[in-house]
Amino acid sequence: MSTATAVSPEPRPDELRAVARRFADAAPACDYWTLRLVDEVHEGLAVRDDVPEPSSIAASRGAMVTIVADGGLGYAATADLSPAGLAAAAERAASAAALHARLGLFDAKLAPRSGVRDEYHSPVEQPWAQMTLADKLGLLGDACARLDRGERIVERAAWLGHRRVNQLLVSSDGAHIDQTFEYVHSGLAATAHINGQTQTRTGGGHDRPGQGGLERLATAALLADAERVAGEAIALCEAPECPSGQMDLLLLPSQMTLQIHESIGHPLELDRILGDERNYAGLSFVTPDMLGTYRYGSSLLNVTFDPTLPGEVASYAADDDGTPARRVHLIRDGILERPLGGELSQRRARLSGTACARACAWDRPPIDRMANINLVPNEEGLDEMIARVERGVLMDTNRSWSIDDSRNKFQFSCQLGRLIEDGELKGLVRNPGYRGVSARFWRSLDGVGNPETLEVRGVQNCGKGEPNQSVYVGHASPPCLFRDIDVFGGGL
Amino acid sequence: MTPDRFFDLFSALEADLGGGEVLFAGLGAERSDFVRLSQNRVRQAGSVDTADLGLTLIDGARQVEGSCQLGGDAAGDLGRARALLGQLRQRIAHVPDDPFLHYSREPASSERRIDADLPRPEEAVGTLTDLADGLDLVGIWAAGDVVEALASSVGHRHWHASRSFNLDWSCYLDRDKAVKASYCGFDWQPEQLRHKLDHQRADLAVLGRPARRIEPGRYRAYLAPAALQELMDLLAWGGFGLRDHRTQQTPLLKLATGEAQLSPMLTVIEEHKRGLAPGFTAEGFTKPEQVSLIEEGWYQDCLADARSAKEYDAAVNAAAEYPESLAIAPGDLATAEALRQLDTGILIGNLWYGNWSDRNACRMTGMTRFGTFWVEHGEPVAPLAVMRFDDSLYHLLGDRLEGLTQERELLLSAETYDGRSTDSALLPGALVSGIDLAL
Numbered sequence: 002m003s004t005a006t007a008v009s010p011e012p013r014p015d016e017l018r019a020v021a022r023r024f025a026d027a028a029p030a031c032d033y034w035t036l037r038l039v040d041e042v043h044e045g046l047a048v049r050d051d052v053p054e055p056s057s058i059a060a061s062r063g064a065m066v067t068i069v070a071d072g073g074l075g076y077a078a079t080a081d082l083s084p085a086g087l088a089a090a091a092e093r094a095a096s097a098a099a100l101h102a103r104l105g106l107f108d109a110k111l112a113p114r115s116g117v118r119d120e121y122h123s124p125v126e127q128p129w130a131q132m133t134l135a136d137k138l139g140l141l142g143d144a145c146a147r148l149d150r151g152e153r154i155v156e157r158a159a160w161l162g163h164r165r166v167n168q169l170l171v172s173s174d175g176a177h178i179d180q181t182f183e184y185v186h187s188g189l190a191a192t193a194h195i196n197g198q199t200q201t202r203t204g205g206g207h208d209r210p211g212q213g214g215l216e217r218l219a220t221a222a223l224l225a226d227a228e229r230v231a232g233e234a235i236a237l238c239e240a241p242e243c244p245s246g247q248m249d250l251l252l253l254p255s256q257m258t259l260q261i262h263e264s265i266g267h268p269l270e271l272d273r274i275l276g277d278e279r280n281y282a283g284l285s286f287v288t289p290d291m292l293g294t295y296r297y298g299s300s301l302l303n304v305t306f307d308p309t310l311p312g313e314v315a316s317y318a319a320d321d322d323g324t325p326a327r328r329v330h331l332i333r334d335g336i337l338e339r340p341l342g343g344e345l346s347q348r349r350a351r352l353s354g355t356a357c358a359r360a361c362a363w364d365r366p367p368i369d370r371m372a373n374i375n376l377v378p379n380e381e382g383l384d385e386m387i388a389r390v391e392r393g394v395l396m397d398t399n400r401s402w403s404i405d406d407s408r409n410k411f412q413f414s415c416q417l418g419r420l421i422e423d424g425e426l427k428g429l430v431r432n433p434g435y436r437g438v439s440a441r442f443w444r445s446l447d448g449v450g451n452p453e454t455l456e457v458r459g460v461q462n463c464g465k466g467e468p469n470q471s472v473y474v475g476h477a478s479p480p481c482l483f484r485d486i487d488v489f490g491g492g493l
Numbered sequence: 522m523t524p525d526r527f528f529d530l531f532s533a534l535e536a537d538l539g540g541g542e543v544l545f546a547g548l549g550a551e552r553s554d555f556v557r558l559s560q561n562r563v564r565q566a567g568s569v570d571t572a573d574l575g576l577t578l579i580d581g582a583r584q585v586e587g588s589c590q591l592g593g594d595a596a597g598d599l600g601r602a603r604a605l606l607g608q609l610r611q612r613i614a615h616v617p618d619d620p621f622l623h624y625s626r627e628p629a630s631s632e633r634r635i636d637a638d639l640p641r642p643e644e645a646v647g648t649l650t651d652l653a654d655g656l657d658l659v660g661i662w663a664a665g666d667v668v669e670a671l672a673s674s675v676g677h678r679h680w681h682a683s684r685s686f687n688l689d690w691s692c693y694l695d696r697d698k699a700v701k702a703s704y705c706g707f708d709w710q711p712e713q714l715r716h717k718l719d720h721q722r723a724d725l726a727v728l729g730r731p732a733r734r735i736e737p738g739r740y741r742a743y744l745a746p747a748a749l750q751e752l753m754d755l756l757a758w759g760g761f762g763l764r765d766h767r768t769q770q771t772p773l774l775k776l777a778t779g780e781a782q783l784s785p786m787l788t789v790i791e792e793h794k795r796g797l798a799p800g801f802t803a804e805g806f807t808k809p810e811q812v813s814l815i816e817e818g819w820y821q822d823c824l825a826d827a828r829s830a831k832e833y834d835a836a837v838n839a840a841a842e843y844p845e846s847l848a849i850a851p852g853d854l855a856t857a858e859a860l861r862q863l864d865t866g867i868l869i870g871n872l873w874y875g876n877w878s879d880r881n882a883c884r885m886t887g888m889t890r891f892g893t894f895w896v897e898h899g900e901p902v903a904p905l906a907v908m909r910f911d912d913s914l915y916h917l918l919g920d921r922l923e924g925l926t927q928e929r930e931l932l933l934s935a936e937t938y939d940g941r942s943t944d945s946a947l948l949p950g951a952l953v954s955g956i957d958l959a960l
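Quick mapping for you: the protein sequence lines, in order, are chains R and U. Residue numbers for the first sequence follow this note's numbering, so the first one is 2 and each next one is one higher. Residue numbers for the second sequence follow this note's numbering, so the first one is 522 and each next one is one higher.
As structure tokens, this is what we get:
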């Protein structure tokens with residue numbers, strides 16, 4: 002490997018291909034192997050209270066070797082990409098495979114094999130390097146300054162980050178999947194403190210991760226959003242508490258992201274359904290017999306697994322087992338159709354699934370994950386939904402999330418609430434929250450916004466697995482209206 | 522990675538420095554075996570070998586940070602480190618002075634090695650699956666070496682290495698009925714594992730009884746140390762940091778300003794000396810032996826990292842502004858007496874997925890999970906269907922705290938998001954006169 006640049010500004014696919022060739026030339030004797038090479042770079046910039054935080058760059062390059070031998074499946078991760086380093090990793094993987102062969106939960110013949118040849122590149126119009134470091138810090142400085150509204154704002158921050166992941170997956174069956182993912186994300190936060198009440202509001206793209214380059218800053222509106230963010234933080238401190246009681250709930254896409262994630266995405270993960278995650282992330286209230294018949298939500302509920310949407314944060318050509326990605330329905334007209342499970346889980350469960358075996362980095366093995374889990378728009382505009390509410394609350398931007406280990410009983414809070422009375426939007430309320438049970442909540446869905454109201458968002462911290470893994474997950478959704486929900490506010 | 526290899530690499534980098542440059546280098550490395558289990562069989566087995574080098578280049582009042590992965594061969598690693606240093610040197614010209622730049626100007630060195638005679642994964646997992654025969658066991662075996670080290674051109678040379686195992690598992694009866702345990706440390710003794718599994722088998726017998734369903738409301742409860750840990754983990758998220766206090770974002774703001782008080786029984790300490798985390802910070806500061814956070818219900822000190830310490834003119838007393846080695850002082854309630862004093866209520870073995878309902882009110886929510894029972898006349902009589910709590914710590918550890926146990930449990934973190942964690946907590950159980958269940 003070249004060592005000329007630790008944190009390379011450009012992808013180095015040729016270097017990864019050379020490593021892969023060397024490994025294949027001296028491939029270990031086994032039934033099947035894969036080599037997943039990952040070359041990843043990050044850059045993080047932030048300005049807090051007008052002071053730039055130390056800027057950081059990071060590079061991580063390594064390999065995950067998977068070996069299938071004698072009915073066992075094992076893995077080993079190493080940053081030593083020399084022939085000797087990879088050979089040592091293959092030996093360790095073979096040793097793990099022998100343990101699996103002796104005490105395994107399943108026969109490794111079920112492990113997926115891939116011969117797919119494909120490539121993928123995130124759509125990038127304006128490369129990260131086109132803007133100088135000084136200009137980026139200048140932009141953040143301006144954005145942070147615009148959050149300044151005097152002493153009522155007790156902390157202000159603006160940030161900007163870039164991540165590029167070049168991944169090459171090759172296998173003994175001839176797979177060669179070369180994918181480059183590129184992300185630019187930004188954000189703003191203002192925290193206000195007035196009369197003992199502290200409130201934080203975010204914006205500037207902070208909960209809208211996506212693939213792409215600097216062109217993403219145009220929609221993030223880092224500068225233009227600052228006044229709103231700071232103003233709302235102050236207004237929330239002075240707003241009344243969100244009322245408590247049963248009422249209608251209108252969730253904007255900034256909260257639908259979390260609602261979909263926690264109470265549709267996670268419960269449908271097949272490894273949870275199979276019980277693999279019970280010691281940590283949990284299981285699921287969904288059982289295999291529900292597939293095809295279970296009414297998950299009202300007939301307005303249509304949800305897809307769609308890793309093909311350009312620019313959404315978890316789009317790809319193939320998952321980390323080498324299974325080609327395609328769009329499928331998970332829930333159609335409210336009826337549960339299929340779970341989220343990669344090929345290995347599908348074969349163990351004898352169920353159809355999705356191409357969603359994903360690893361967070363080179364040093365973790367693939368497990369069943371969400372990719373892009375999207376709620377399909379319907380026909381209503383936001384104003385039309387508001388007009389149908391007699392008494393309710395509109396909630397915007399997730400603040401807090403908690404759900405039981407079966408992904409059923411949940412409680413979520415948002416940064417901002419707004420009362421709806423007699424079909425009209427009224428004043429702000431602070432500390433808005435709601436709770437419910439997944440198995441019933443989606444059946445109260447009574448309105449789904451039209452395509453014009455659809456927003457493509459996601460989360461950057463979806464955690465599960467042992468050892469732990471955190472991945473990016475995309476969620477696109479319009480605003481949605483739910484009837485008769487348990488809503489509450491803050492206080493002791 | 523050995524100390525000689527790391528310090529030699531640093532010395533080579535140091536030789537490249539210009540006149541005014543200062544360099545700090547941190548190493549975070551691990552060589553771990555991970556074996557996931559489900560249904561008392563191996564679900565996924567493997568190993569991970571990583572070594573991450575972090576550099577902070579300082580020139581005058583400016584600083585920039587970078588990191589790269591080390592591969593293992595000395596020449597290649599030095600090449601990567603030099604390349605990273607070159608990139609930092611290019612960047613530092615474009616960043617402004619940092620008024621909160623703060624690093625130790627005092628040379629210091631330390632070496633701490635915690636060794637262990639670890640079984641090979643096949644031996645440990647084979648023993649576990651044999652002892653757990655007949656149980657639906659799910660969990661993870663994580664074992665191996667973890668290294669954190671620091672070198673600087675000021676003269677810091679710190680090496681902190683530990684070899685340990687952490688077996689974290691649950692045994693399931695049916696659906697979400699389960700009991701959880703962990704066995705971790707440095708001295709692998711299968712008899713201790715057998716004892717823990719025997720204890721779980723006894724609990725599973727109670728779990729087999731029909732589950733008790735209760736309505737939302739307020740109930741007396743005994744929180745086992747692992748349940749209290751979930752509350753303290755959430756409180757650690759912004760509760761004790763100096764920056765969170767000075768920007769009035771801490772959920773303990775009312776405590777800090779004297780508007781609210783916690784129970785006089787509650788004393789909370791960050792025990793750097795007792796913990797497993799390194800005794801030094803990335804900026805070369807040596808952590809004090811301990812930091813008193815809450816004493817007899819009153820707020821004491823904050824945790825201040827180097828940056829906040831500079832900004833707010835305080836002493837550095839932590840690597841980061843959250844506890845790594847938290848302890849709650851023991852109370853006078855014998856653990857064996859806890860359920861008798863509870864009488865009728867809930868024995869909460871674990872809480873799960875805590876998050877804030879309202880930080881201003883230090884109000885949190887979460888779920889009961891694992892080993893939670895309905896207790897009558899001091900005896901667990903039935904498992905409890907999972908319930909959501911939504912309550913303030915000003916109540917749970919304040920006016921409704923009836924007692925803390927004399928005995929405490931040392932709980933080592935099983936977290937592995939950023940490598941195997943060295944965090945730990947030493948906690949008693951807590952008897953409370955009421956916890957509000959919301960769903």
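Ideal Cβ positions, reconstructed from N, Cα and C, are used throughout, including at glycine.
For the pair the segment 372–380 of chain R and the segment 210–228 of chain R, tell me if three or more CB-CB distances fall below 8 angstroms. When Cβ pairs closer than 8 angstroms are counted between the two stretches, the segment 372–380 of chain R is seen not to touch the segment 210–228 of chain R, the count staying below three.
Within the same chain, show all residues whose beta-carbon is closer than 6 angstroms to that of Ala959 (chain U), passing over the 5 residues directly before and after it, in chain order. Pro737, Arg909, Asp911
Can you list, in chain order, the residues of its chain with a C-beta nearer than 6 angstroms to that of Leu482 (chain R)? Leave out the 5 residues immediately preceding and following it. Leu251, Met386, Asp447, Gly448
Leaving out five residues before and five after Gly283 (chain R) in sequence, what residues of the same chain have Cβ atoms less than 7 angstroms from its Cβ? Arg273, Asp406, Ser407, Arg408
DSSP on Met132 (chain R), reduced to helix/strand/coil? coil
Leaving out the 5 sequence neighbours to the left and right, which residues in its chain are closer than 8 angstroms to Ser187 (chain R) when beta-carbon positions are compared? Ala159, Trp160, Leu161, Gly162, Gly205, Gly206, His207, Arg217, Leu218, Ala221, Leu223
Could you give the distance in angstroms between the alpha-carbon of Ser3 (chain R) and the alpha-carbon of Val675 (chain U)? A caution first: Ser3 (chain R) carries a pLDDT of 37, below 50, which makes its placement in the model too unreliable to give a value.
Let me check understanding here. Comparing Cα to Cα, which of U:Leu578, U:Trp895, U:Asp594 lies closest to Asp618 (chain U)? U:Leu578
CB of Arg436 (chain R) within 9 angstroms of CB of Ser255 (chain R), strictly: no
Against Tyr693 (chain U), what residues of chain R qualify as contacts under a CB-to-CB distance less than 8 angstroms, listed in chain order? Gly276, Arg279
Going straight from the alpha carbon of Arg734 (chain U) to that of Ser559 (chain U), what length do you get? In this model, Arg734 (chain U) and Ser559 (chain U) are separated by some 28 angstroms (Cα to Cα).
Status (buried if at least 16 other CB within 10 Å, exposed otherwise) for Ala240 (chain R): Under this definition Ala240 (chain R) is a buried residue.
Kindly indicate the opening and closing residues of the alpha helix (DSSP H) around Arg1 (chain R). This structure cannot settle anything about residue 1 (chain R), because the visible part of chain R is limited to 2 through 493.
Since I believe Arg37 (chain R) is in contact with Asp487 (chain R) (beta carbons under 8 angstroms), could you give me their beta-carbon distance rounded to a whole number of angstroms? Not confirmed; about 45 angstroms, so no contact.
With a cut-off of 9 angstroms, does the C-beta of Thr4 (chain R) fall near any C-beta of chain U? Low confidence applies here, because Thr4 (chain R) scores a pLDDT of 38, under 50, leaving its location unreliable; read the following figure in that light. Interface residue, yes.
Whole-Å CB distance - Ala882 (chain U) paired with Gly491 (chain R), under 8 angstroms assumed: 6 angstroms
Please state if the CB of Leu652 (chain U) and the CB of Cys692 (chain U) are separated by a distance shorter than 9 angstroms. no
What three-state label does DSSP hand Cys145 (chain R) in the structure shown? helix
Chain R within 9 angstroms of Thr937 (chain U), Cβ atoms only: By the rule that beta-carbons nearer than 9 angstroms mark a contact, Thr937 (chain U) touches chain R.
Select from the segment 120–132 of chain R all residues with a C-beta closer than 9 angstroms to any C-beta belonging to chain U, and list them in chain order. none
Start and end residues, beta strand (DSSP E) containing Val166 (chain R): 154–172
Does any CB atom of chain R fall closer than 9 angstroms to the CB of Val563 (chain U)? It does; some Cβ of chain R falls within 9 angstroms.
Compare the C-beta of Met888 (chain U) with all C-beta atoms of chain R and state if any pair is closer than 9 angstroms. yes
Of the residues U:Ala596, U:Ala732, U:Val543, which one's Cα is nearest the Cα of Gly892 (chain U)? U:Ala732
What residues in the segment 396–425 of chain R have a beta carbon less than 7 angstroms from any beta carbon of chain U? Ser401, Trp402, Ser403, Ile404, Asp405, Asp406, Ser407, Lys410, Gln412, Ser414
Is it true that the segment 643–657 of chain U meets the segment 605–621 of chain U, where meeting means three or more beta-carbon pairs spaced less than 8 angstroms apart? no
Helix, strand or coil, according to DSSP, for Tyr820 (chain U) in the structure here? strand
Compare the C-beta of Pro55 (chain R) with all C-beta atoms of chain A and state if any pair is closer than 9 angstroms. Protein chains R and U are contained in the structure displayed, whereas chain A is not.
Could you tell me whether the Cβ of Ala699 (chain U) comes closer than 9 angstroms to any Cβ of chain R? yes
Could you tell me the boundaries of the alpha helix (DSSP H) in which Tyr833 (chain U) lies? 827–833
Just to confirm the assignment, what range does the alpha helix (DSSP H) spanning Pro524 (chain U) have? Start and end: 524–535.
Give the straight-line distance between the Cα atoms of Leu755 (chain U) and Leu87 (chain R), rounded to the nearest whole angstrom. 40 angstroms
Counting C-beta neighbours from all protein chains within 10 Å, is the total for Gln247 (chain R) 16 or more, i.e. buried, or is it exposed? By the neighbour-count rule (16 or more Cβ atoms within 10 Å), Gln247 (chain R) is not buried but exposed.
Name the residues in the segment 19–41 of chain R whose C-beta lies less than 7 angstroms from a C-beta of chain U; which are they? none
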